[in-house]
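Q: Residue numbers (the working numbering), protein chains in the order written: chain A, 1 to 119; chain B, 120 to 238. For every residue, glycine included, the Cβ atom is placed at its ideal position computed from N, Cα and C.
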DNA sequence: GGCCCCGCTTACTTCAACGTAACTATGCTC
DNA sequence: GAGCATAGTTACGTTGAAGTAAGCGGGGCC
């Protein structure tokens with residue numbers, strides 16, 4: 001469970017940094033172009049999106065296809081490995097949908113009262 | 120899905136930073152003391168563990184109980200909200216167990232051959 | 001009185017992620 | 001030859017998490 005080369009560091013707990021999970025979600029319904037990914041992702045900086053995509057590509061989650069056209073056209077698509085992430089991501093999203101309010105409430109409560117104390 | 124105050128930033132994609140998920144797992148089978156958490160977590164620095172626990176506490180995932188004994192005894196335990204994370208974490212762990220090798224293989228492959236090219 | 005235990009805290013450093021802004025490359029159209 | 005479009009790259013700076021090393025507090029024990 002807690003090996004030296006522990007998978008947890010590389011696992012979907014942190015899919016390719018902050019945006020990785022969202023990018024995978026954006027690609028769920030099919031290939032997307034660079035600029036198509038930028039729109040839903042709240043205009044994430046191109047630099048960051050490039051880094052994220054490279055990272056996902058490195059890990060074998062997406063493929064990058066450059067059509068050498070002009071103006072440039074490049075498509076990103078999920079691999080089988082990338083698709084295998086979807087259930088885990090869905091589980092996380094479901095948690096968020098069900099419990100995000102509780103989390104915010106807990107944070108609100110935390111401002112003021114701290115440590116539970118006994119004995 | 121991509122709101123301004125997007126849940127994804129706060130959701131289990133990143134549970135209270137790097138160690139949060141593992142701490143929650145360590146607490147799955149019952150309350151644990153500070154020093155008991157340090158052992159399985161590969162001797163994570165006390166500073167980092169404290170920060171992680173405070174963060175989990177803030178988000179309402181764990182409770183901290185100080186027994187005011189000597190030598191000090193403090194126990195951390197999952198709340199209901201904390202337990203609600205377990206299925207999502209399990210999904211991620213299952214993914215890791217099933218696909219971690221593929222991920223490593225993809226990274227190996229990446230050293231050398233890059234971008235898929237068409238047309 | 002001095003040392004041990006445990007659960008921290010403090011000060012400092014390192015590193016990667018994130019973000020902004022501006023610029024590049026290419027070929028097409030006007 | 002100016003301007004447009006897409007898919008980036010480059011240079012730079014900020015932020016925050018992670019890690020290292022050391023010290024604190026206070027009762028118990030010898």
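Which residues in chain A sit within 7 angstroms of residue 164 of chain B, going by Cβ to Cβ distance?
A: By Cβ distance, chain A contributes nothing, its closest Cβ being about 15 angstroms from residue 164 of chain B, past 7 angstroms.
Q: May I ask you to report which of helix, strand or coil DSSP gives residue 167 of chain B?
A: helix
Q: Considering only the alpha carbon of each residue, which of A/90, A/20, A/43 and A/110 lies closest to residue 57 of chain A?
A: A/20
Q: Measure the Cβ-Cβ separation of residue 59 of chain A and residue 228 of chain B and say whether it is below 8 angstroms.
A: no
Q: Less than 8 angstroms between the beta carbons of residue 99 of chain A and residue 197 of chain B, yes or no?
A: no
Q: Can you give me, in chain order, the residues of the stretch 63-78 of chain A that have a beta carbon less than 8 angstroms from any beta carbon in chain B?
A: 63, 64, 65, 66, 67, 68 and 69
Q: What are the residues in the stretch 202-217 of chain B lying within 9 angstroms of chain A by C-beta distance?
A: 203, 204, 206, 207, 208, 209, 210, 211, 212, 213, 214, 215, 216 and 217
Q: With DSSP collapsed to three states, give me the class of residue 196 of chain B.
A: Residue state, collapsed to three classes: strand.
Q: Assign residue 149 of chain B to buried or exposed, taking buried as 16 or more other Cβ atoms, counted over all protein chains shown, within 10 Å of its Cβ.
A: exposed
Q: At what residues does the beta strand (DSSP E) containing residue 185 of chain B begin and finish?
A: 181-185
Q: Does any CB atom of chain B fall closer than 8 angstroms to the CB of residue 102 of chain A?
A: Answer yes: the Cβ-Cβ gap between residue 102 of chain A and chain B drops below 8 angstroms somewhere.
Q: Under 7 angstroms Cβ to Cβ from residue 163 of chain B, same chain only, skipping five residues before and after it: list those, please.
A: 138 and 157
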